[in-house]
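Mapped onto my numbering, the consecutive letters of the sequence shown carry residue numbers 183 to 430.
Built from N, CA and C at the ideal position, the CB exists for glycine as well.
Below is one structure, written out as structure tokens; comments come after it.
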Amino acid sequence: MKRLKTLLAATALAALPLAAQAEDSGPALDPTRLKAAEATVDYVFPTGTYARIMDKTMESVMGSVMKGAFDIPLRDLAAMSGKSDEELQKLGNSTLSEIMAILDPVYEERMGLTSRVMMTEMGKLMTQFEPSIRDGLSRAYAKRFDAEQLADLNRFFATPTGKAYAADSMIIFMDPEVMSKMQEFMPVMMKQMPALMGKVKDAVKDLPKPRKPSDLAPEERGKLADLLGVPETELDDNTRGFGLEAAE
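Below is the structure:
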């Protein structure tokens, strides 16, 4: 059910900042130390950083990542779903890009346009949140570095070399040179995924299996339908999709 998958994805994303909030924030920050940290953040995450990232860097990164994903052999992808060796052999060395070239001859252009629009709009959205991110970074630096360390950092960042380094320190990991090496990891990861998922299955094998809607008592079905915002009649055994099937 698409609505369920969307809800679960949104919930997972929302849980990330909540997990961070759950950590002990510790004692109140020293105002002098915080002010020094704010100066540090002015160097390492100046206003407009998100615009720089989303304008060119992220679009290039996404293009490389998607191309790499589409070039992975289908049998490597299928192996993650537990297909037999015989079924995998039938797929040969075909890739998703070869299939898409038949089904959608302009798929590369379509993906490029989609990525460009997404990055542009995400850039606008992230820029709105940039002041809050800068504030969070300032507090994080103030917590992790003492006044003397912050002063050392700021003295270095005030030099020509320091300024050049600081301005790119947050985005250098997205440099094409780095991302090309990250792409080399993808095929290796895909080959290791079946073994990894096997370990996951072993880890949870003694737990009760997730229930299906058909296993629920009437009141539980009603509650589940209410939580999902769907009529109870729409609940079927494909509704569960809580990301647990791979662990069964």
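Pairwise C-alpha distance: T309 and A340: In a straight line, the C-alpha of A340 is about 25 Å away from that of T309.
Nearest neighbour of E280, chosen from D253, M293, E291 and S297 [CA to CA]: Of D253, M293, E291 and S297, the residue nearest in Cα terms is D253.
Stretch pair the stretch 267-275 + the stretch 379-399: three plus CB contacts closer than 8 Å: The stretch 267-275, when compared against the stretch 379-399, does not touch it at the 8 Å Cβ threshold.
Length-filtered (4 minimum) alpha helix (DSSP H) runs lying within the stretch 264-304: Note on the stretch 264-304: whole alpha helix (DSSP H) runs with a minimum of 4 residues are 267-273 and 278-285, in chain order.
CA-to-CA distance, D397 to T214, given in whole angstroms: T214 and D397 have their C-alpha atoms spaced approximately 60 Å apart.
Under the three-state DSSP convention, the category P255 falls into: Collapsing the DSSP output to three states places P255 in a strand.
Unbroken alpha helix (DSSP H) run spanning K373, endpoints: Element bounds for K373: P358 to V386.
P313 versus M371: straight-line alpha-carbon distance, rounded: Each residue's Cα considered, the two are about 36 Å apart.
Reduced DSSP secondary structure (H/G/I, E/B, other) of F327: For F327, the secondary structure class from DSSP, reduced to helix, strand or coil, is coil.
DSSP-derived helix/strand/coil call for I353: Note: I353 maps to coil in three-state DSSP.
Same chain, Cβ closer than 7 Å to M304, five either side skipped, listed in chain order: Within the same chain, M236 come within 7 Å of M304 by CB-CB distance, once the 5 residues on both sides are set aside.
Own chain residues within Cβ distance below 6 Å of A210, not counting five before or after: So no residue of the chain qualifies.
Cβ pair S320, M244 closer than 8 Å: Going by C-beta atoms, S320 is not nearer than 8 Å to M244.
Under 8 Å between C-beta atoms of S351 and V226: Yes, the pair counts as a contact, with Cβ atoms nearer than the cut-off.
Extent of the continuous alpha helix (DSSP H) to which V223 belongs: First-last of the alpha helix (DSSP H) with V223: P213 to V226.
Where R257 falls, given that 16 or more other Cβ within 10 Å makes a residue buried: Label assigned to R257: buried.
Alpha carbon of R234 to alpha carbon of P400, nearest angstrom: For R234 and P400, the gap between their C-alpha atoms comes out near 53 Å.
Three-state class that DSSP yields for N420 in the structure shown: Assigned with DSSP and collapsed to three states, N420 falls in coil, not helix or strand.
Candidates A219, P255 and K217: closest to K373 by CA position: Nearest in C-alpha terms to K373, of all of A219, P255 and K217, is P255.
Helix, strand or coil at P395 according to DSSP, with G and I counted as helix: P395: helix per DSSP, three-state reduction.
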